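When the letters of the sequence shown are read in order and numbered with the numbering used here, they come out as residues 27 to 322. One structure below.
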Amino acid sequence: SDDVTILTAIINLAGIVIENFRILDDLDKANNGLLQVNNKLKIVNHDLQLAQAKIRNDLEHARSIQQGLLPQDLGNTSEFKLGARYMSADAVGGDYYDVFTISPGFYGLVVADVSGHGVSSALIMSMAKVLLKTFAANEHSPQKTLERINQTFLSEIKTDNFVTIFYAVLDTRNHILCYTSAGHCPVLFIDKQTKECQKIKADGLFMGVFPDMMLAETKYTYTPGNIRLVLYTDGLIEAKCETDEMFGVDRLTEISIATVDLAPDDAVDAILVNQKTFCGESYVPEDDVTILVIDL
């Protein structure tokens with residue numbers, strides 16, 4: 027009886043030992059499996075870090091290219107003075123401004139905005155810049171130039187993005203500004219003597235969607251030294267403060283009039299400082315911001 031009891035105890039103990047060994051073996055196998063998975067995750071994480079570094083490098087390269095597409099020398103002349111800033115919400119963006127010579131005495135002035143922001147918008151904007159420079163070379167009509175760009179967008183580029191644009195041809199010999207707006211933000215025309223401001227709203231539709239944009243072309247004769255233009259994109263006026271109120275065209279107009287006696291570059295800085303103060307320290311831009319101030 028005692029022998030049976032002892033034998034039973036030994037058998038039970040042996041079973042426990044064997045089970046423990048089995049558990050330890052399973053744990054060892056599981057641990058080895060986890061180590062293998064962990065090593066694979068390290069490799070994957072390393073690959074992801076390399077991929078992210080490449081993306082950051084590519085974006086930085088794209089940013090440099092896009093910055094190179096913007097005018098490096100705004101070309102202040104005896105006929106006009108300029109100030110401009112461009113800030114993208116992402117590494118690259120869809121805003122664009124330019125001031126360029128078309129022919130002796132004629133200059134092109136443009137501010138444009140591609141829907142959305144990021145790489146795709148930047149690519150579309152680069153195409154728009156090339157098309158504008160190409161078509162404007164032999165055409166002094168802003169309306170006809172934009173219509174040709176729109177036709178090319180629809181027939182060749184075929185994108186879901188649309189473009190708003192204000193394009194003007196400045197004739198400095200006869201003091202005439204001829205302009206067309208395709209769905210773009212109101213441009214401010216400020217009389218520097220009377221401090222009166224006229225808001226030029228878009229007559230036509232934006233580019234890249236409809237075959238007929240229904241554009242209108244307007245000619246404005248100015249007195250040299252008396253007119254300031256303020257061109258911008260919607261990222262400036264649609265910026266919101268903590269109470270969700272937008273900066274707005276009216277506030278921009280007030281500040282533009284108040285700073286009309288400053289040099290264009292200083293006026294641009296003042297406008298952006300006021301916008302930042304209005305939005306608050308926690309403000310993070312959700313859209314690209316461009317502003318171009320021109321004294322004629």
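The beta carbon of each residue, even a glycine, is placed where N, CA and C say it ideally should be. All figures in this text were calculated on a predicted structure; none of them were measured in a lab.
Is the segment 297–315 in contact with the segment 254–269, if contact means three or more CB pairs nearer than 8 Å? A contact exists between the segment 297–315 and the segment 254–269.
Starting from Ser207, trace the alpha helix (DSSP H) both ways and give me its first and last residue. That residue, Ser207, is in no alpha helix (DSSP H); its beta strand (DSSP E) goes Ile202 to Ala208.
Lys107 and Pro290 - do their beta-carbons sit closer together than 7 Å? Yes, Cβ-Cβ distance for Pro290 and Lys107 is below 7 Å.
Where Ala296 sits in the DSSP three-state scheme: Residue state, collapsed to three classes: helix.
Figure out for me which residue from Lys221, Thr220, Pro250 and Asn176 has the closest Cα to the Cα of Asp197. Taking only the C-alpha atoms, the option nearest Asp197 is Pro250.
Can you list the alpha helix (DSSP H) stretches of 4 or more residues lying completely in the segment 233–298, in chain order? Whole alpha helix (DSSP H) segments, 4+ residues: 260–263 and 275–284.
Would you mind sorting Ile175 into buried or exposed? The rule is 16 or more other CB atoms within 10 Å of its CB. Result: buried.
So is Ser147 buried or exposed if we call it buried at 16+ other beta carbons inside 10 Å? In this structure Ser147 is buried. Its beta-carbon is surrounded by 16 or more other beta-carbon atoms within 10 angstroms.
Endpoints, alpha helix (DSSP H) assigned at Thr103: Per DSSP, Thr103 belongs to no alpha helix (DSSP H) and is neither H nor E.
Identity of the residue in Leu203, Lys245, Ile150 and Leu241 nearest Leu135 by Cα: Looking at the Cα atoms, Leu203 is the closest of the given residues.
Going by other Cβ atoms of all chains shown within 10 Å of its Cβ, with 16 needed for buried, is Ser114 buried or exposed? Buried, since its Cβ has 16 or more Cβ neighbours within 10 Å.
For the beta strand (DSSP E) containing Leu214, list its first residue and its last residue. Under the DSSP assignment, Leu214 falls in the beta strand (DSSP E) whose first and last residues are Val213 to Asp217.
Taking only three categories from DSSP, how would you classify Ala194? In the three-state reduction of the DSSP assignment, Ala194 falls in the strand class.
Compare the Cα-Cα distances from Val125 to each of Ala162, Thr279 and Gly142 and report the closest residue. Distance check between Val125 and each of Ala162, Thr279 and Gly142 places Ala162 closest, using alpha-carbon atoms only.
Contact defined as beta carbons within less than 8 Å: I believe Ile191 pairs with Ala110. What is the distance between those atoms, to the nearest angstrom? The pair is not a contact, with the Cβ atoms about 16 Å apart (cut-off 8 Å).
Suppose you measure from the CA of Glu173 to the CA of Phe179; what does that come to, to the nearest Å? Looking at the two C-alpha atoms, the distance is approximately 10 Å.
Member of Leu214, Leu61 and Asn200 whose CA lies at the smallest distance from the CA of Ile226: Per the Cα distances, Leu214.
Would you call the segment 179–189 and the segment 149–159 in contact, with 3 or more CB pairs under 8 Å? Yes, the segment 179–189 touches the segment 149–159.
For Ile253, which residues in the same chain have their Cβ closer than 6 Å to its Cβ, ignoring the five residues on either side in sequence? Only Leu322 meet the Cβ criterion.
Taking Cβ positions only, does Asn71 come closer than 7 Å to chain B? You won't find chain B in this structure, because it holds only one protein chain.
I'd like the list of long-range same chain contacts for Cys223, defined as Cβ closer than 8 Å, with 5 residues on each side in sequence excluded. Only residues of its own chain outside the window of five on either side were considered, and among them Leu214, Phe215, Ile216, Asp217, Thr279, Ser282 and Ile283 have a CB closer than 8 Å to the CB of Cys223, listed in chain order.
Does the beta-carbon of Leu241 have 16 or more other beta-carbons within 10 angstroms, so that it is buried, or is it exposed? Buried, by the Cβ-count rule.
Gly131 burial status per 10 Å Cβ neighbour count (16 or more: buried): In summary, Gly131 is exposed, with fewer than 16 beta-carbon neighbours lying within 10 Å of its beta-carbon over all protein chains present.
Given this structure, state the Cα-to-Cα distance separating Leu112 from Asn200, to the nearest angstrom. One detail in the question is off: residue 112 reads as Tyr in this sequence, not Leu. When only Cα atoms are considered, Tyr112 and Asn200 end up about 31 Å apart.
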